[in-house]
Amino acid sequence: MPEGNADIIRLNGAEKHFGAVRALGGVDFHVGPGECVGLVGHNGAGKSTLMHMVAGTLTPDSGQIGVHGGIEANYSVSRAQQLGIRCVFQELSLCPNLSVAENTRINHASLRGFGWRRKAADLIAAKLDEIFPGHSISPSDIVGDLSIGRRQMVEVARAFTVIQDRLDLVILDEPTSSLDSHTAGQLLAFVRRFVAGGKSCILISHVLGEVLRNADRIVVMRDGKVVVADAASAFDRDRLVTAMGGAEARQRIAAEIAAAKPGASPLRVRARPAAQKDGTDLVACAGEIIGLAGLAGHGQTDLLLAIFAAASHARAGIQVTAPVALVAGDRQADGIFPQWSIAQNIGIRSLARLRNRLLISPQREAELAQFWQKKIGIRTPDMNNNIFSLSGGNQQKALFARALGSDAEIVLMDDPMRGVDIGTKLEVYDLVREEAGRGRTFLWYTTETEELDNCDHVYVFKNGRIVANLRRDELTEEKIIQSSFGDAA
Amino acid sequence: MASVKSLLTKPWIWSFLGALLVWLATIVFTGGYGAGGMVTAALSLAVFTVIVGVGQMFVITLGPGNVDLSLPANIGLASAVAMKVMDGNDSMIAVGLLAALACGAAIGAANYLLIWALRIPPIIATLSASFIIQSIDISYGRGLQIKPPPGFADFANWQVLGIPVLAILTVLFTVGAAIALQRMVYGRSVLAIGQNIRAAWLAGVNVGRIRFLTYMLSGALGGIDGALLAGYFRGANVDIGNEYLLASIAVVVIGGTSVAGGKANVPGVWGAALFLVLLLTMLNTFGVSAGVRLLLTGLIIVGVITAAGGQKALR
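If you read the sequences in order, they're chains A and B. Positions 4 to 492 (our numbering) are the ones given, in order, by the first sequence. Positions 449 to 763 (our numbering) are the ones given, in order, by the second sequence.
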């Protein structure tokens, strides 16, 4: 360590906004030499944003970054590499069409001249042997042919390879998510050796046990802020879960809905995830708001899409008894028609009803658009303007108007509030409760735990399965986190 | 003035301006001689490009990768089928036209079957289908009566006050196509699929059915075009549709339809078809050789696509 015991990296008051969304609100964070820092928090707590800053892929809107004791004014990915900071991100970054050795070369520009492939192969093979003894990966394997777990092993090993550049800090973002318990154990043991050798690691994991056992210090984030940072020995599982969940009282809109629920209403959806082994079904009746919770990408969207498809073509294990509409979360990929006006974007789901004999009536289309502009508060002078004239939140409102203005009795919501400002959110929550009061059924996948307060019933997903089924009176944030992080449970 | 301004923002106006310009250049060159006759001839020939162009337009509007390359082979086979069914007999004209329509629609359906069942990209599916169709045509067309019945040939060449009747009928047809595109559920669905096929599915559009109908429509229009061409040129043959591969795509693009899909217009097909025919007439009048003619046509298409691409970046 050239700079003695100065921090490897230190961020002071780092802030980051994406549009109206505050991803980080003034975070102080540091990593010293020879320590493994565990970073935990639920989705959207700001962990990834913070790590992108450490790795140089994002620059903070305000705040300072210092590395090895010196302030970095123009911090970037290449600067981070020079300073010995590397990152293994969750999204695998290997090129699937290249071999393992060729992928290694991408990170090491100094591997050149005759025989570079041989040198890269030796380098990665040695590191794989060191971290994962007994692995059966050949440096000449094409990455695309490897299983997801092996790809992750290559990704991790590659980040630890060294030729002549320095290496002080490796960020491991969910490094064990696709490894089996044996290889995960090998990796964590290696991390301990690496740290014992005076280097540092940041370990992000949703498996709380891993963090508790392997980190020296644990930083808990929530809502874009660091809420607790303490020595790992000061935490146990319960304290971690409580810190992540937020202990302060949250206002619940609960009572008003709970009171108004009729006892038995007709069944609208009964669905079983494809990976479900036991007989658990998701059940939704008329007038209910059903939450789909759990960590992002654990099968919630897949089930919503399966229900959507089942509405037009019968599918085994899924029963749908009324017309369905979907509100997309990924607006650009799944929702918006970029060439069209706001009115046309709203009308597309209801074309059959807008018809006057064979032709679509422009008057009826305009009426539908006007009605929803008022009702949901789409802020535009003219609904015939292009959809992109709207802000993101208002585009999302147009997608809600498309679904709510249709004949659908079942509305599927695929994490629709991603990147939407709080004002819009509150307006839409009210609307959803109002529509549910009229007998519409909502299936609501959300990664934001507070939104589940609007639900009558919550199913928690893990690895494509329903792992918990909570009525609203049993619904607490701790319970949801407990189930979705359930490594010991 | 405001109406002129709004006219200038229409994507199809440029193809008509181009056609007008080319026509003026030619009559200036000839000193005004043959101006009217040129329009009549241009209308007569443009009709055939417009009919297949409209079909191609709907297909291209389905989005990137969608194109019907089987049109030339389709036209060739349908012309032979129509002439064989009519068998030189005036009373069989309607039946022959129906047979051509059915033959084309069947080809369109077969195209979509390849795309859907075998998951082949449309460009490959329609190209390979065209080889099969051409082979059928060659074996089927050999030694057959290929002359049209006299009544049908007269109809295809019939003019009223210097305006081809076929052109009048085609204008009516294109008005219908424009209404279908902008005001019917079918057209809206095509435009939605072309902009974002996944969003269209999630918005409740029956994507498979609309794509199927579109390829069938393109095929059917190719079929009817084949029959009309055989009537106009007084005979069917295998190569009768060859020039409509490039022409059908060119009129769509020059007419202001987006190659990226999701944005289409019908009037532009007319403007572009007239422009292409008049351009050929002009180059012929100037006495330019066949090679240069093809070169210029190619360059103009490239130029138009480039200009249209620039427009999109402005958005």
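Quick reminder that beta carbons are idealized off the backbone N, C-alpha and C, glycines included.
The beta strand (DSSP E) enclosing residue i, as first and last residue numbers
i: T444 of chain A; result: T444 to Y448
i: F21 of chain A; result: I12 to F21
i: R367 of chain A; result: Unbroken run through R367 of chain A is the alpha helix (DSSP H), P365 to I379; no beta strand (DSSP E).
i: D176 of chain A; result: L172 to D176
i: M416 of chain A; result: I413 to D417
i: Q322 of chain A; result: I321 to V323
i: S268 of chain A; result: Unbroken run through S268 of chain A: none, as it is neither H nor E.
i: G294 of chain A; result: I292 to G297
i: D233 of chain A; result: K228 to A234
i: H185 of chain A; result: First-last for H185 of chain A: S184 to A199, but that is the alpha helix (DSSP H), not the beta strand (DSSP E).
i: A684 of chain B; result: Note, A684 of chain B: premise wrong, no beta strand (DSSP E); not H, not E.
i: A287 of chain A; result: L285 to C288
Beta-carbon proximity list for residue i, same chain, < 7 Å, skipping 5 on both sides
i: L469 of chain B; result: none
i: I260 of chain A; result: Residue placement at I260 of chain A is flagged as unreliable, the pLDDT there being 48, under the threshold of 50; the coordinate-derived value follows with that caveat. Here the set comprises R436 and D459.
i: A218 of chain A; result: C39, V40, G41, L206 and A235
i: G764 of chain B; result: Here chain B has residues from 449 to 763 only, and residue 764 of chain B is not among them.
i: L744 of chain B; result: L731
Candidates the options, of which the one nearest residue i by Cα
i: G320 of chain A; options: A:K280, A:G16, A:I349 and A:H111; result: A:K280
i: D538 of chain B; options: B:F603, B:A721 and B:G610; result: B:F603
i: V495 of chain B; options: B:T733, B:N605 and B:T662; result: B:N605
i: S139 of chain A; options: A:L175, A:T186 and A:D176; result: A:T186
i: R13 of chain A; options: A:V43, A:G44, A:A58 and A:S51; result: A:A58
i: Y78 of chain A; options: A:H55, A:F92, A:S96 and A:C98; result: A:H55
i: G37 of chain A; options: A:I205, A:D144, A:L175 and A:T444; result: A:I205
i: N522 of chain B; options: B:G552, B:G544 and B:N514; result: B:G552
i: A550 of chain B; options: B:I499, B:N732, B:I672 and B:A721; result: B:I672
i: S65 of chain A; options: A:L362, A:R25 and A:A401; result: A:R25
i: M531 of chain B; options: B:F734, B:V502, B:D585 and B:N732; result: B:D585
i: S487 of chain A; options: A:G16, A:V30, A:E133 and A:G44; result: A:G44
i: V714 of chain B; options: B:L724, B:L546, B:A708 and B:V699; result: B:V699
i: G735 of chain B; options: B:N514, B:W462, B:A467 and B:T478; result: B:T478
i: R271 of chain A; options: A:G200, A:R240, A:T324 and A:L285; result: A:T324
i: A483 of chain B; options: B:L493, B:S587 and B:L472; result: B:L472
i: F238 of chain A; options: A:K228, A:D226 and A:R216; result: A:R216
i: R443 of chain A; options: A:D418, A:C288, A:S203 and A:Q373; result: A:C288
Cβ-based neighbour list, residue i, same chain, cut-off 6 Å, excluding 5 preceding and 5 following
i: L478 of chain A; result: V461
i: F660 of chain B; result: Y560
i: D459 of chain A; result: E291, I292 and R475
i: Q254 of chain A; result: Note on Q254 of chain A: pLDDT 38, under 50, position unreliable in the model; the coordinate value appears next. Cβ neighbours of Q254 of chain A beyond the five flanking positions: none.
i: A162 of chain A; result: R89, V91 and V173
i: A232 of chain A; result: V222
i: G87 of chain A; result: R169, L170 and D171
Alpha helix (DSSP H) segment containing residue i, residue limits
i: N3 of chain A; result: Residue 3 of chain A cannot be examined here, being either before or after the span of chain A that is shown, 4 to 492.
i: Y680 of chain B; result: V655 to Y680
i: A526 of chain B; result: L519 to M534
i: K482 of chain A; result: E480 to S487
i: M505 of chain B; result: A483 to T509
i: C551 of chain B; result: I541 to A565
i: H55 of chain A; result: K50 to A58
i: M156 of chain A; result: I151 to F163
Cβ-based neighbour list, residue i, same chain, cut-off 8 Å, excluding 5 preceding and 5 following
i: V543 of chain B; result: V533 and M534
i: Q322 of chain A; result: L270, V272, R273, A274 and A313
message = Under 9 Å, CB to CB, which of the residues in the region 637-648 of chain B have a partner in chain A?
response = Listed in sequence order: S637, L639, A640, G642, Q643, N644, R646, A647 and A648.
request  = Report the residues of the region 649-671 of chain B with a CB closer than 9 Å to any CB of chain A, ordered along the chain.
outcome  = Against chain A - using a Cβ distance shorter than 9 Å - the residues of the region 649-671 of chain B are W649, L650, A651, G652, V653 and N654.
query = When you check each C-beta in the region 695-722 of chain B against every C-beta of chain A, which residues fall closer than 9 Å?
reply = Answer in chain order: S706, G710 and K711.
query = Counting Cβ pairs closer than 8 Å, one from the region 735-755 of chain B and one from the region 512-525 of chain B, do we hit at least three?
reply = Inter-segment contact for the region 735-755 of chain B and the region 512-525 of chain B is absent: fewer than three beta-carbon pairs are separated by less than 8 Å.
inquiry  = Which residues of the region 615-633 of chain B have a Cβ closer than 8 Å to any Cβ of chain A? Give them in chain order.
reply    = Shown in chain order are the members of the region 615-633 of chain B whose Cβ falls below 8 Å from a Cβ of chain A: I627, R631, M632 and V633.
Chain-ordered residues of the region 330-342 of chain A with a beta carbon less than 8 Å from chain B = Within the region 330-342 of chain A, the qualifying residues are A331, A336, D337, G338, I339, F340, P341 and Q342.
ask   = Are the region 461-471 of chain A and the region 455-468 of chain B touching by the rule of at least three beta carbon pairs closer than 8 Å?
value = Result no; under three Cβ-Cβ pairs closer than 8 Å.
inquiry  = Using 8 Å as the cut-off, can you tell me whether the region 671-681 of chain B makes contact with the region 604-619 of chain B, which would need three or more C-beta pairs spanning the two stretches below that distance?
reply    = Between the region 671-681 of chain B and the region 604-619 of chain B there are three or more inter-stretch CB-CB distances shorter than 8 Å, so the stretches are counted as touching.
inquiry  = Using a Cβ distance threshold of 8 Å, determine whether the region 179-196 of chain A contacts the region 104-111 of chain A, with at least three qualifying pairs required.
reply    = Counting Cβ pairs under 8 Å, fewer than three are found: no touch.
message = When you compare the region 340-359 of chain A with the region 406-415 of chain A, are there three or more beta-carbon pairs, one atom per stretch, that lie closer than 8 Å?
response = Contact holds: three or more Cβ-Cβ distances are below 8 Å.
request  = Name, going along the chain, the residues of the region 296-312 of chain A whose beta-carbon falls closer than 8 Å to a beta-carbon of chain B.
outcome  = If the cut-off is 8 Å between Cβ atoms, the region 296-312 of chain A has F311 near chain B.
query = Going along the region 402-423 of chain A in order, which residues come within less than 8 Å of chain B, judged by CB to CB distance?
reply = The region 402-423 of chain A vs chain B, Cβ under 8 Å: R405 and S409.
ask   = What are the residues of the region 356-380 of chain A that lie near chain C, defined by any Cβ-Cβ distance shorter than 7 Å?
value = In summary, chain C is missing from the structure at hand, where the protein chains are A and B.
task = Say whether the region 382-390 of chain A touches the region 332-349 of chain A, bearing in mind that this needs 3 or more beta-carbon pairs closer than 8 Å, one atom from each stretch.
result = Yes, they touch.
task = Output, in sequence order along the chain, the residues in the region 220-246 of chain A whose CB is closer than 9 Å to any CB in chain B.
result = Considering only beta carbons, no part of the region 220-246 of chain A lies closer than 9 Å to chain B.
request  = Spell out a yes or no on whether the region 640-648 of chain B and the region 559-578 of chain B are touching, meaning 3 or more CB-CB pairs, one atom from each, closer than 8 Å.
outcome  = Per the Cβ contact rule, the region 640-648 of chain B is not in contact with the region 559-578 of chain B (fewer than 3 Cβ pairs under 8 Å).
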